[in-house]
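Using the numbering used here, read the sequence shown as starting at 1 and increasing by one per residue.
Each residue gets a CB set at the ideal place from its N, CA and C atoms; glycine is no exception.
Beneath this line is the structure, given in C-alpha cells, with notes to follow.
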Amino acid sequence: MHEQPSSELNTKPTVAFAHIGCEKNLVDTEHMLGLLSQAGYRVSSNESEANVVVVNTCSFIQDAREESVRKLVQLASQEKEIIISGCLAQHFSDELLESLPQAKATVGTGDYQHIVDVLKRVELGERVKKVSLTPTFVGDENLPRYRTTGDAVAYLKVAEGCDYRCAFCIIPKLRGDQRSRSIESIVSEARLLAQQGIKELILISQITTNYGLDIYGKPKLAELLFALGEVDIPWIRVHYAYPTGLSKKVLNAFKEVPNVLPYLDLPLQHSHPDVLRAMNRPWQADVNDSVLDRIRDQLPEAVLRTTLIVGFPGETETQFDHLADFVQRQQFDHLGVFTFSQEEGTAAAALPNQIDAEIAQARKDKLMSIQQPIAESRNMRFIGRTVDVLIETRDLETGEMTGRCARFAPEVDGIVRLKSQDKTRTPMVGNIVPVLITGADLYDLTGELV
Ligand code: SF4
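Below you can see the structure in the form of C-alpha cells.
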C-alpha cells in the first residue's frame, strides 16, 4: 500500500484495511483503497498507525465468519474505529452495530463505492448503516482501484452475484442476483491492466460460464474470451466454470484464443445425481462425466481443478463411495474438499439427516488420501518438459526464485521453485521465462532456467 506525502492529508485520518475472504471480495477492497486514496486519505498497511480500520469481511461459512469476528474483536480491543464492509456487514449489519461500539459504520456488498462518503460521515461523529437490502452494483473500469496482488497478476471481476440457488450456499443472499459488465467494459479494463504490465489476468465472478446471460439474454463467455484475445496480456485464466456452461463453443474459445490458459476450475461439489439434485444443482446431475470427457476431447492438455463438498445432509455411504470412485476415475490435477457447513438461511440447513461432523471429516480425509498420489503423478508428468513460468519471488542473496506455470493458479495451487542461479542472469520478478522441470512432489514443481 502506498503513503501520500501531502500537507493537505494531515487533516484526514489514516485508514488501514483488513481483508478477509475470496478474491471477489479482494477486488472490492482494492476499489475502496483506490477511492480513499483518490479522495486524499492516507492509506497504510499498518493497522497500529491507523485511526480507522476498514475490515472487508467474509460470511460464506462459519469458519470465515469466525475469522472476521476475531479480527473485529482484536481491533475493538485496541480501541480502533472500525468500518465493517463486505459479506458479514451485509448479513448482520444491525447486530454488528448494536454489539460493537467501535463499529462506526457497516457497508454492504453493493455499497462499497460509497466508502468515502461513509468515512466523511463517520468523521463527523455519525454511525452509518449503508447496506442495500438487494445489492445491484458492480464496479467497473471507471472506479479507481489500487491493486494489492503485485505487479504481474490482477483479478478482473466480469460479473457479480448469482442467479442459482444451490441449497448449501448463502452467496445469492449476500451478493444478490447476477449482473454482468459489458464486453466493452471488461476489455477496456483489461487494456488498462495490460498498459500497467499485467502478465496474468484472472477472470472471476460467481459463475463465469454464465457471464452475460443477464444483459445479453445468453451466456457470452466465448465472445468475451475472443475479445480478450486481442489484449496484450500473455495469460488469461478463468475461474468458477459451472460444468453445464462448458459448451463446445466455450471450450473452442479456450482452445483457439492463444492467451487463454487451458486451465479449468469447475466447482463440481459432488458426483452422485441424487446429492446434486438435493443440492439444487439438477442440471449438473447427469452431465459430470460427459462434460469432463468433452473437455479432454477438445483440450487434451487441460489442467482440471475442482472442489467438492462431503457430508451434505442425507449423503449415504453409497453416495459417498460414488464420489470416491469419481475422484479416482477422473484424475483431477487439483482438488479441494470441504465438509458441509450448515448455514442458517440456506435451504440445506433445514434438511433432515444432517451428517455427523466426524463422519464428514473422515470422508474428506478419505478423498484427500485418494487424491494425493493422483496429484503427485499429475505433477511428475512434467519432469523433463520445458514450461513457461511467471517469476514471482527472487532472493537477491541466493538467486533462488519461485513462480507459477499455467497449471498453478495463485493462492490455491502449487508453485515452481527455481534452484539458485548465477545472480547476473536471473530474470526479474514479473517476467515469464522458459523453465526445464527437473523435479515434482505432491504440490510443487522444481526446475531450472533454460
Ligand atoms: S452457483 Fe456458486 S455462488 Fe451460485 S448459488 Fe451455487 S454455489 Fe453459490
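| field | Residue environment, Glu448, which counts as buried when at least 16 other CB atoms sit within 10 Å | value | Counted from its first residue, the sequence shown places residue 448 at position 448. Answer is exposed; the Cβ neighbour count stays below 16.
| query | When DSSP labels each residue in this structure, what does Tyr41 get in the three-state scheme? | reply | Working through the sequence shown from its first residue, we reach residue 41 at position 41. In the structure shown, Tyr41 sits in coil (DSSP, three-state: anything other than H, G, I, E or B).
| said: Measuring straight from C-alpha to C-alpha, what distance separates Glu79 and Phe332? | reply: In the sequence shown, residue 79 corresponds to position 79, counting from 1. In the sequence shown, residue 332 corresponds to position 332, counting from 1. Rounded to whole angstroms, Glu79 to Phe332 spans 48 Å at the Cα level.
| field | N- and C-terminal bounds of the alpha helix (DSSP H) containing Asn288 | value | Reading the sequence shown from its first residue, position 288 is the one you call residue 288. Asn288 -> alpha helix (DSSP H) spans 288-298.
| task | Below 8 Å on the Cβ atoms is my guess for Ile204 versus Tyr155; work out the distance and round it to an integer in Å. | result | Translated into positions along the sequence shown, residue 204 becomes position 204. Translated into positions along the sequence shown, residue 155 becomes position 155. At roughly 5 Å, the Cβ-Cβ gap stays under 8 Å, so Ile204 and Tyr155 are in contact.
| field | Where the alpha helix (DSSP H) through Met380 begins and ends | value | Against the sequence shown, residue 380 aligns to sequence position 380. Where Met380 is concerned, the enclosing alpha helix (DSSP H) stretches over 357-380.
| query | Which first and last residues belong to the alpha helix (DSSP H) in which Tyr146 is found? | reply | Against the sequence shown, residue 146 aligns to sequence position 146. Neither: Tyr146 is in no alpha helix (DSSP H) and is coded neither H nor E.
| field | beta strand (DSSP E) runs wholly inside the stretch 123-184, at least 3 long, in chain order | value | 128-130, 153-157
| If you drop the 5 nearest sequence neighbours on each side, which residues of the same chain put their C-beta closer than 8 Å to that of Thr446? | Residue mapping note: residue 446 aligns to position 446 of the sequence shown, counting from 1. Within the same chain, Thr446 has close Cβ partners Val416, Arg417, Leu418, Lys419, Ile437, Thr438, Gly439, Ala440.
| request: Go ahead and pull the three-state DSSP assignment for Pro243. | output: Counting from 1 along the sequence shown, the entry for residue 243 is found at position 243. Correct three-state label for Pro243: helix.
| said: So, for Tyr443: in the same chain, excluding its five sequence neighbours on each side, which residues have a beta-carbon less than 7 Å away from its beta-carbon? | reply: Taking the sequence shown and counting its residues from 1, the one referred to as residue 443 is at position 443. Hits under 7 Å: Gly414.
| Extent of the continuous beta strand (DSSP E) run through Lys218 | On the sequence shown, position 218 is the one that residue 218 refers to. It is not in any beta strand (DSSP E) - Lys218 carries neither H nor E in the DSSP assignment.
| task | Please name the residue or residues paired with Ala18 in a DSSP beta bridge. | result | To locate residue 18, count along the sequence shown from 1; it is residue 18. Ala18 is bridged to Val55.
| request: Give the DSSP-derived three-state secondary structure of His334 in the structure shown. | output: Counting from one through the sequence shown, the residue named residue 334 turns up at place 334. Three-state result, His334: strand.
| said: Closer than 7 Å to a non-hydrogen atom of the ligand MN - does that hold for the CB of Arg305? | reply: This structure lacks the ligand MN; its bound ligands are the ligand SF4.
| task | Entirely within the stretch 228-281 and at least 4 residues each: give me those alpha helix (DSSP H) ranges in chain order. | result | 248-256, 273-278
| message | At a cut-off of 7 Å, would you count Arg165 as near the ligand SF4, judging by its Cβ distance to the nearest heavy atom? | response | Sequence index remark: in the sequence shown, residue 165 carries index 165 (1-based). Arg165 Cβ: within cutoff of the ligand SF4.
| request: For Thr306, I'd like the list of residues in its chain whose CB is within less than 7 Å of its CB, leaving aside the five on either flank, ordered along the chain. | output: Position 306 of the sequence shown, counted from the first residue, corresponds to residue 306. Correct list, in chain order: Leu266, Pro267, Leu268, Phe332, Leu335.
| query | If you check the beta carbons only, do Gln195 and Gln178 fall under 8 Å apart? | reply | Counting from 1 along the sequence shown, the entry for residue 195 is found at position 195. Counting from 1 along the sequence shown, the entry for residue 178 is found at position 178. The answer is no: Cβ separation not under 8 Å.
| Cβ-heavy atom distance between Pro172 and the ligand SF4 below 7 Å? | Residue mapping note: residue 172 aligns to position 172 of the sequence shown, counting from 1. At least one heavy atom of the ligand SF4 is nearer than 7 Å to the Cβ of Pro172, so yes.
| request: Please say whether Leu308 and Val287 have beta carbons closer to each other than 8 Å? | output: Translated into the one-based positions of the sequence shown, residue 287 becomes position 287. Translated into the one-based positions of the sequence shown, residue 308 becomes position 308. Contact flag unset, no.
| task | Would you decide whether Pro352 is buried or exposed? Buried here means 16 or more other CB atoms lie within 10 Å of its CB. | result | By 1-based counting over the sequence shown, the position of residue 352 is 352. Looking at its Cβ environment, which holds fewer than 16 other Cβ atoms inside 10 Å, Pro352 is exposed.
| said: Let's test the definition: count the other Cβ atoms within 10 Å of the Cβ of Gln371 and tell me whether it reaches 16, buried, or not, exposed. | reply: In the sequence shown, counting from the first residue as 1, residue 371 sits at position 371. Per the 10 Å Cβ criterion, buried.
| Can you pull the DSSP bridge partners for Thr402? | Residue mapping note: residue 402 aligns to position 402 of the sequence shown, counting from 1. Thr402 is bridged to Thr393, Arg417.
| query | Apart from the five residues just before and just after Ile432, which ones in its own chain have a Cβ nearer than 8 Å to its Cβ? | reply | Residue numbering aside, residue 432 sits at position 432 when the sequence shown is read from its first letter. Counting only Cβ-Cβ distances below 8 Å, and skipping sequence neighbours, we find Lys199, Pro234, Trp235, Asp388, Val389, Leu390, Ile391.
| Where do the ends of the beta strand (DSSP E) carrying Arg305 lie? | The residue you call residue 305 lines up with position 305 of the sequence shown. Where Arg305 is concerned, the enclosing beta strand (DSSP E) stretches over 303-310.
| query | Hey, is Tyr242 close to the ligand SF4, as in C-beta under 7 Å from one of its heavy atoms? | reply | Within the sequence shown, residue 242 is the residue found at index 242, counting from 1. Tyr242: yes, Cβ under 7 Å from the ligand SF4.
| task | Look at the alpha carbon of Arg121 and the alpha carbon of Lys130, and state the distance between them as a whole number of angstroms. | result | Residue numbering aside, residue 121 sits at position 121 when the sequence shown is read from its first letter. Residue numbering aside, residue 130 sits at position 130 when the sequence shown is read from its first letter. Arg121 and Lys130: Cα-Cα distance of roughly 11 Å.
| query | Considering only the beta carbon of each residue, do Val52 and Met32 sit closer than 8 Å? | reply | Taking the sequence shown and counting its residues from 1, the one referred to as residue 52 is at position 52. Taking the sequence shown and counting its residues from 1, the one referred to as residue 32 is at position 32. Contact flag unset, no.
| message | Are there any heavy atoms of the ligand SF4 lying less than 7 Å away from the beta-carbon of Cys162, as far as the coordinates show? | response | The count along the sequence shown starts at 1 and reaches residue 162 at position 162. Checking every heavy atom of the ligand SF4 against the Cβ of Cys162, one is found closer than 7 Å.
| message | Give me, in chain order, the residues of the same chain whose beta-carbon lies closer than 6 Å to that of Ser180; leave out the 5 immediate sequence neighbours on both sides. | response | Residue numbering aside, residue 180 sits at position 180 when the sequence shown is read from its first letter. Same-chain partners within the cutoff: Ala159, Tyr211, Gly212, Asp214, Ile215.
| Between Cys405 and the ligand SF4, is the CB less than 7 Å from at least one heavy atom? | Position 405 of the sequence shown holds residue 405. No - the ligand SF4 has no heavy atom lying nearer than 7 Å to the Cβ of Cys405.
| task | Using beta-carbon positions only, say whether Glu126 and Pro13 come within less than 8 Å of one another. | result | By 1-based counting over the sequence shown, the position of residue 126 is 126. By 1-based counting over the sequence shown, the position of residue 13 is 13. Their beta carbons are not under 8 Å apart, which means Glu126 does not touch Pro13 by this criterion.
| said: Between Pro300, Pro258, Pro262, Gly311, which has its C-alpha nearest Met279's C-alpha? | reply: Taking the first residue of the sequence shown as 1, we reach residue 279 at position 279. Here the closest residue by C-alpha is Gly311.
| Which residues in the same chain as Pro273 place their Cβ atom closer than 8 Å to its Cβ, once the five residues preceding and following it in sequence are excluded? | The residue given as residue 273 occupies position 273 in the sequence shown. Closer than 8 Å at Cβ, skipping near neighbours: Ala285, Asp286.
| Same chain only: Cβ atoms within 8 Å of Ser59, ignoring 5 sequence neighbours per side | For the purposes of this step, residue 59 is identified with residue 59 of the sequence shown, where counting begins at 1. Once the five neighbours on either side are set aside, the close Cβ partners of Ser59 are Arg65, Ser68, Gly86, Cys87, Leu88, Gln90, His91, Phe92, Ile170, Leu174.
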